[in-house]
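>
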Amino acid sequence: METVRVELVERSYDIVIGNDLLDGVGARLKTYGPSPKAAIVSNPTVFALYGKRVTDSIKKAGFDLEHVIIPDGEEYKNIDTLKRIYDELLKHGLDRKSALIALGGGVVGDITGFAAATYMRGIPYIQIPTTLLAQVDSSVGGKTGVDHKLGKNMIGAFWQPGLVLIDPATLKTLPKKQLLAGLAEVIKYGIIYDSELFGFLESNRERILNLDDKAITYIIKRSCEIKADVVSKDERESGLRAILNYGHTIGHAIETATGYTRYLHGEAVAIGMHIEAKLSQLLKGIDEGHVFRIKALIDSYGLPSEIPKDINREDILSSMQLDKKAVAGKLKFILPESIGAVKIREDIDEKSIRGLLQS
Ligand SMILES: NC(=O)c1ccc[n+]([C@@H]2O[C@H](COP(=O)([O-])OP(=O)(O)OC[C@H]3O[C@@H](n4cnc5c(N)ncnc54)[C@H](O)[C@@H]3O)[C@@H](O)[C@H]2O)c1
245 METVRVELVE
255 RSYDIVIGND
265 LLDGVGARLK
275 TYGPSPKAAI
285 VSNPTVFALY
295 GKRVTDSIKK
305 AGFDLEHVII
315 PDGEEYKNID
325 TLKRIYDELL
335 KHGLDRKSAL
345 IALGGGVVGD
355 ITGFAAATYM
365 RGIPYIQIPT
375 TLLAQVDSSV
385 GGKTGVDHKL
395 GKNMIGAFWQ
405 PGLVLIDPAT
415 LKTLPKKQLL
425 AGLAEVIKYG
435 IIYDSELFGF
445 LESNRERILN
455 LDDKAITYII
465 KRSCEIKADV
475 VSKDERESGL
485 RAILNYGHTI
495 GHAIETATGY
505 TRYLHGEAVA
515 IGMHIEAKLS
525 QLLKGIDEGH
535 VFRIKALIDS
545 YGLPSEIPKD
555 INREDILSSM
565 QLDKKAVAGK
575 LKFILPESIG
585 AVKIREDIDE
595 KSIRGLLQS
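Next comes the structure, spelled out in structure tokens:
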């Protein structure tokens, strides 16, 4: 069992990582002290796999437990689903001290967190992330929210969980494509913060892809430590936290230009990380050898690293202007300087990006 502490003064919490944690959710929830009524929010896919274990454990600890099962998919991370969650919570009499338990990937985690942030002006919640992306990224840091038809994650709040429980064994049922998309975010942590993690990913590909217990626990723990460290220093993204968006400026633009149907988020970020490394090379920020290693690692995990020719470059450029991280019309890029270090740059002209995209 491994524990990573997210230090946020009175909002600090633990991320606990270990196999079979699902059977101990109830006892942990109890020490956290909510009222006897609680609700699990999940989707049919995840609930069919892990719902019974979590439910049994919470009921055994004496909770009066409700379930809110929402449809599976990003297209349901919206206000309509959120309203359904509020309806169920009110119908079943959850009060200001009741806890929500988010059991699922990032979609379930984000919407449950936002429901917790807003129901009765804010109630406690815990995250039980079951995708690699959610375990290394979305369950940690307190960004919660839903999509609007005019943009992803446009409605949301910062609301930290009380506890994050990560059972790496849940990854055994995760489709490989989803696992790889999560690995893209782990590669990101290596590039922005930790050359040792990057080296580990280079030398332990087989073990990681075979979900070797020690290797997978190490990469989850290290990723959580990095995210926890960054979030502790800059909870509300007024500065440093932006480094977590490496690969995301171009990644988001690719997702938008392809209507969110062609790539999973992590796949688009993988392309974005390579192209943004090339942008850094063009601006003399990183040497060719490091860019080569970044591309080689992305490729070795079977993730995409190039923008396919059929994607219109103008579409990518215009989506970048709409990226919510663009401040006053200027594009912000997080550019690697080596493996393990990045710089936040806001002075990049459109010409360099246009040239790069057309090369
Ligand atoms: N809050 C944040 O800081 C943050 C950060 C990154 C991403 N996100 C959000 O996360 C979401 C993406 O999350 P995701 O990649 O986890 O996608 P997801 O939640 O849609 O899960 C992917 C698929 O895997 C299934 N699944 C989940 N766990 C499983 C398991 N153990 N076995 C089998 N199937 C399983 C889900 O039902 C779903 O079909 C996006 O909405 C994104 O905006 C949020």
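Position one of the sequence shown corresponds to residue 245 (this note's numbering), numbered consecutively onward.
Glycine included, each C-beta is placed from N, C-alpha and C at the ideal position.
As the structure is a prediction and not an experimental result, all values here were calculated from the model.
From which residue to which residue does the alpha helix (DSSP H) around serine 447 run?
Here the alpha helix (DSSP H) through serine 447 covers 439 to 447.
> Just list the beta strand (DSSP E) runs in the stretch 300 to 365, keeping only unbroken ones of 3 residues or longer that don't cross its boundaries, in chain order.
308 to 313, 343 to 348
> Between leucine 547 and tyrosine 507, what straight-line distance do the alpha-carbon atoms span, to the nearest angstrom?
10 angstroms
> Between lysine 416 and glutamate 594, what straight-line distance do the alpha-carbon atoms span, to the nearest angstrom?
43 angstroms
> Once DSSP output is grouped into helix, strand and coil, what is the label at asparagine 489?
helix
> Taking 7 angstroms as the cut-off, is the CB of alanine 378 close to at least one heavy atom of ligand 1?
yes
> Please list, in chain order, all residues of the same chain as aspartate 381 whose beta carbon is under 6 angstroms from its beta carbon, the five residues on each side excluded.
Result list for aspartate 381: Glu429, in chain order.
> With burial defined as no fewer than 16 other Cβ atoms inside 10 Å of the residue's Cβ, what is the status of arginine 466: buried or exposed?
buried
> In terms of alpha-carbon separation, which member of Leu527, Leu427, Arg328 lies closest to glutamate 581?
Leu527
> Mind reading off the beta-carbon distance from isoleucine 323 to valine 312? Whole number of angstroms is fine, and I expect it under 8 angstroms.
Not a contact, Cβ separation roughly 15 angstroms.
> So the candidates are Tyr294, Gly262, Gly306; which of them puts its Cα closest to the Cα of serine 279?
Gly306
> For aspartate 316 and valine 298, what's the separation of their Cα atoms in angstroms?
19 angstroms
> Under three-state DSSP, which class holds lysine 568?
Residue placement at lysine 568 is poorly supported in this model, since its pLDDT is 49, which falls under 50; the coordinates are not used for a value here.
> Suppose contacts are defined by Cβ-Cβ distances below 8 angstroms. Is leucine 445 in contact with leucine 376 by that definition?
no
> Buried or exposed: where does leucine 418 fall if 16 or more other Cβ atoms within 10 Å of its Cβ makes it buried?
buried
> Are there any heavy atoms of ligand 1 lying less than 7 angstroms away from the beta-carbon of aspartate 354, as far as the coordinates show?
yes
> Tell me, please, which residues DSSP counts as bridged to aspartate 478.
Answer by DSSP bridge pairing: none, since aspartate 478 is not bridged.
> With three or more beta-carbon pairs closer than 8 angstroms as the criterion, would you say the stretch 392 to 410 touches the stretch 514 to 533?
no
> When you measure from the CB of glutamine 422 to every non-hydrogen atom of ligand 1, does any distance come out below 7 angstroms?
Under cutoff, so the answer is yes.
> To which residues of the same chain is threonine 461 closer than 7 angstroms at the C-beta, ignoring the five residues directly before and after it?
Glu246, Ile261, Pro412
> Once DSSP output is grouped into helix, strand and coil, what is the label at valine 384?
DSSP places valine 384 in coil when its eight states are reduced to three.
> What residue from Lys387, His392, Phe358, Ala343 has the CA that sits closest to isoleucine 370's CA?
The candidate whose alpha carbon is nearest that of isoleucine 370 is Ala343.
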